[in-house]
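Novice: Please read through the structure below; I'll follow up with questions.
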Amino acid sequence: TEGQVDRLEQIFALIDKPAKAKTCDAIMGILDEGKEIMDEYKGTEALDAGLLAAAQAVEHYEMSRYGTLKAWATQLGMNEAVKLLDETLQQERKTDKDLTALAEGAVNSEALAA
């Protein structure tokens, strides 16, 4: 999100390094899997469940990265970076929790019933 980008830019400013965009091969692979799910399950109840699973895979990857960065910042005593990374990590965890609730609330059951 825009807020996440802003927080990352603040962290790069703290370490006096320029922020630059970079394509993440892992995320691209997860997105490719999402496209495969769309092709394979198009028009079925399983499509939504598959897309939710792919979305959660992205969230889990992001949580892993932000968690690692937060741990490193903690060890380096970079308290402002820790705070910024924790804010993003909590946002990612909330999104993951929301996706889980959506999947468990109806989507997975509908896919199984089909």
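With our numbering applied, the sequence shown has no gaps in its numbers, which climb one by one up to 134 at the end.
The beta carbon of each residue, even a glycine, is placed where N, CA and C say it ideally should be.
This structure is a prediction, so every number in the text was calculated from the model and none was measured.
Spatial neighbours of residue 111 within its chain, please: CB distance less than 8 Å, with the 5 preceding and 5 following residues excluded, ordered by chain position.
Specialist: 21, 23, 24, listed in sequence order.
Novice: For my contact list, residue 74 and residue 57 are in at a C-beta cut-off of 8 Å; report their separation, rounded to the angstrom.
Specialist: Indeed they touch by this definition, with Cβ atoms about 6 Å apart.
Novice: For residue 127 versus residue 69, is the C-beta spacing smaller than 7 Å?
Specialist: Yes, the pair counts as a contact, with Cβ atoms nearer than the cut-off.
Novice: Keeping to the same chain, check which residues put their C-beta closer than 7 Å to that of residue 83; ignore five residues upstream and five downstream.
Specialist: Within the same chain, residue 83 has close Cβ partners 109, 112, 113, 116.
Novice: Report yes if the C-beta distance between residue 135 and residue 50 is below 7 Å; otherwise report no.
Specialist: Given a span of 21 to 134 for the chain in the structure shown, any question on residue 135 remains unanswerable.
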